[in-house]
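Written below as structure tokens is the structure these notes are about.
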Amino acid sequence: MLQLSRRLLLGASSNIMFWSGLVGAAVFRRNIIVMLLCTELVMLACNLNFLYAAAYLNDMTGVIMSITITTIAACETAIGLALCVTYFHMRSSSDVEALNFLKAAKE
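In my numbering, each residue's number is its place in the sequence shown (first place is 1) plus 26.
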């Protein structure tokens, strides 16, 4: 069992990480790499919450969920980074607002 002060500190750090990831994704909307990093920060905060719950409840379900989310996040990061590198080689820019070439032409 975790002590109360330690639980509050861990919960507060996870909460700060979650909100800083959300605010970072909202504020830095121009750079796609920063948006991916902010998304990963939000997922890390969710993983920490699963791990804290698993430690508090003495249950392995939170650990299994955390490992599953980490695996999915690693795959997502690899695909997203590959797309970003390909886009940067095509356009020489990492600006999110220039991603309009994926939209269908309006008639």
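For each residue, glycine too, the CB sits at the ideal point set by N, CA and C.
Between the segment 58-65 and the segment 78-93, are three or more C-beta pairs nearer than 8 Å?
No, they do not touch.
Leaving out five residues on either side along the sequence, give the residues of the same chain with a beta carbon under 7 Å from the beta carbon of I59.
As a working mapping, residue 59 is identified with position 33 in the sequence shown. Result list for I59: C110, S120, in chain order.
Cα separation between R55 and L48?
The residue given as residue 55 occupies position 29 in the sequence shown. The residue given as residue 48 occupies position 22 in the sequence shown. Rounded to whole angstroms, R55 to L48 spans 11 Å at the Cα level.
According to DSSP, is N84 helix, strand or coil?
Taking the sequence shown and counting its residues from 1, the one referred to as residue 84 is at position 58. It is coil, neither helix nor strand.
Leaving out the 5 sequence neighbours to the left and right, which residues in its chain are closer than 8 Å to L77 when beta-carbon positions are compared?
Start at 1 with the first residue of the sequence shown, and residue 77 comes out as number 51. Around L77: G88, V89, S92.
Enumerate, from N- to C-terminal direction, the unbroken alpha helix (DSSP H) stretches of 4 or more residues contained entirely within the segment 47-80.
Entirely contained in the segment 47-80, not one alpha helix (DSSP H) run reaches 4 residues.
Out of L74, A38, M43, state which residue places its alpha-carbon closest to the alpha-carbon of I95.
Locating residue 95 in the sequence shown gives position 69, where the first residue counts as 1. Considering only alpha carbons, the answer is L74.
Determine whether the beta carbon atoms of A71 and M43 lie at a separation below 9 Å.
The count along the sequence shown starts at 1 and reaches residue 71 at position 45. The count along the sequence shown starts at 1 and reaches residue 43 at position 17. The answer is yes: Cβ separation under 9 Å.
In whole angstroms, what is the alpha-carbon distance linking R32 and L67?
For the purposes of this step, residue 32 is identified with residue 6 of the sequence shown, where counting begins at 1. For the purposes of this step, residue 67 is identified with residue 41 of the sequence shown, where counting begins at 1. Whole-angstrom Cα-Cα distance: 21 Å.
So, using beta-carbon positions, are I122 and N41 closer together than 9 Å?
Here the question's residue 122 lines up with position 96 in the sequence shown. Here the question's residue 41 lines up with position 15 in the sequence shown. A small fix is needed here, since residue 122 is Val in this sequence, not Ile. Cβ distance not < 9 Å, so V122 and N41 don't count as in contact.
Quick check: the Cα distance between A38 and A52, rounded to an integer number of angstroms?
Position 12 of the sequence shown, counting from 1, holds the residue named residue 38. Position 26 of the sequence shown, counting from 1, holds the residue named residue 52. For A38 and A52, the distance between alpha carbons rounds to 21 Å.
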